[in-house]
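Comments concern the structure below.
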Amino acid sequence: AQKITQTQPGMFVQEKEAVTLDCTYDTSDPSYGLFWYKQPSSGEMIFLIYQGSYDQQNATEGRYSLNFQKARKSANLVISASQLGDSAMYFCAMTTQGAQKLVFGQGTRLTINP
Amino acid sequence: NAGVMQNPRHLVRRRGQEARLRCSPMKGHSHVYWYRQLPEEGLKFMVYLQKENIIDESGMPKERFSAEFPKEGPSILRIQQVVRGDSAAYFCASSKSVGTGTENTEAFFGQGTRLTVV
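Chains as they are written, first to last, in our numbering: chain X, 261 to 374; chain C, 1047 to 1164.
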């Protein structure tokens, strides 16, 4: 079975600083995908970034990058130059070749202070 | 180019009533997933459907819950005889295809339906 662990229930960061949100995963399937979603207070789920298990390079999307360390089974999200609008819940999730459903972690509530 | 449409956005039901949640996937998407989110928790998978078929219902409670995705029309998540513990946000997501686990088969989410059982 797949499992996602996010160990930081909440984080507080000063505006313009970089922030790293931790995510570790567990699966026996060699083919998998890792996702990060943002959920603002309005409730919608916003896709941020994706990393495939066979991707050689770390994924990047604008201010978001994914620090993929396969041997450690970690997929941390890095947000550079944080903004007030980044305040939200952030969820790490994965799919595997054997199970197409997304398995989510418990989430990290990020608060950006001015 | 409408995204995933869920309705209603908010639904209030008394204990014992039925709740029907609807989801219209994005155009061209034939895979639909339902997730439930309790307050301050992550989303939990419930069921995965393709047109007229349930592919994986391993996350569905055994009783009172059912889902369908007919040939025509939206996908429906039905909860019979609702109880207070059913109060949650229910999200639908759709994707165009399923990959091997290494392709980005991004699932697009709807806005969710917030069910409150009183």
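Backbone N, C-alpha and C fix where the C-beta goes; we use that ideal spot for every residue, glycine too.
Predicted model, so just to flag it, every value in this text is computed and none were measured.
Test: residue i CB closer than 9 Å to a CB of chain X
i, result
"Asp1132 (chain C)", "no"
"Leu1089 (chain C)", "yes"
"Gly1074 (chain C)", "no"
"Glu1152 (chain C)", "yes"
"Ala1113 (chain C)", "no"
"Tyr1094 (chain C)", "yes"
"Tyr1079 (chain C)", "yes"
"Gln1126 (chain C)", "no"
"Glu1086 (chain C)", "yes"
"Gln1063 (chain C)", "no"
"Ala1048 (chain C)", "no"
Status (buried if at least 16 other CB within 10 Å, exposed otherwise) for residue i
i, result
"Ala1153 (chain C)", "buried"
"Leu344 (chain X)", "exposed"
"Asp1132 (chain C)", "buried"
"Lys276 (chain X)", "exposed"
"Val1129 (chain C)", "exposed"
"Asn417 (chain X)", "One cannot answer for residue 417 (chain X) here, as it falls past the ends of chain X, which runs 261 to 374."
"Pro1085 (chain C)", "exposed"
"Phe364 (chain X)", "buried"
Cut-off 8 Å between Cβ atoms - residues of its own chain near residue i, not counting five sequence neighbours on either side
i, result
"Lys1097 (chain C)", "Ser1076, Phe1115, Pro1116, Lys1117"
"Ser1141 (chain C)", "His1075, His1077, Tyr1079, Thr1151, Glu1152, Ala1153, Phe1154"
"Gln299 (chain X)", "Met305, Ile306, Ala348, Met349, Tyr350, Phe351, Gly367"
"Asp282 (chain X)", "Gln266, Thr267, Gln268, Ser334, Asn336, Thr368"
Interface flag, residue i vs chain C, CB-CB below 9 Å
i, result
"Tyr297 (chain X)", "yes"
"Tyr285 (chain X)", "no"
"Ile264 (chain X)", "yes"
Neighbourhood of residue i by C-beta distance below 6 Å, restricted to the same chain and skipping five residues each side
i, result
"Met1106 (chain C)", "Met1092, Val1093"
"Lys333 (chain X)", "Thr284, Tyr285"
"Phe1111 (chain C)", "Ile1125"
"Glu1103 (chain C)", "Val1093"
Where the beta strand (DSSP E) containing residue i begins and where it ends
i, result
"His1056 (chain C)", "1056-1059"
"Thr371 (chain X)", "368-373"
"Gln280 (chain X)", "Strictly speaking, residue 280 (chain X) in this sequence is Thr, with Gln absent from that position. Segment 279-281, the beta strand (DSSP E) holding Thr280 (chain X)."
"Gly312 (chain X)", "306-312"
"Gln1126 (chain C)", "Per DSSP, Gln1126 (chain C) belongs to no beta strand (DSSP E) and is neither H nor E."
Which of helix, strand or coil DSSP assigns to residue i
i, result
"Asp1102 (chain C)", "strand"
"Gly1158 (chain C)", "coil"
"Arg332 (chain X)", "coil"
"Gly1062 (chain C)", "coil"
"Gly322 (chain X)", "coil"
"Gly365 (chain X)", "coil"
"Leu1089 (chain C)", "strand"
"Asp315 (chain X)", "coil"
"Gly1119 (chain C)", "coil"
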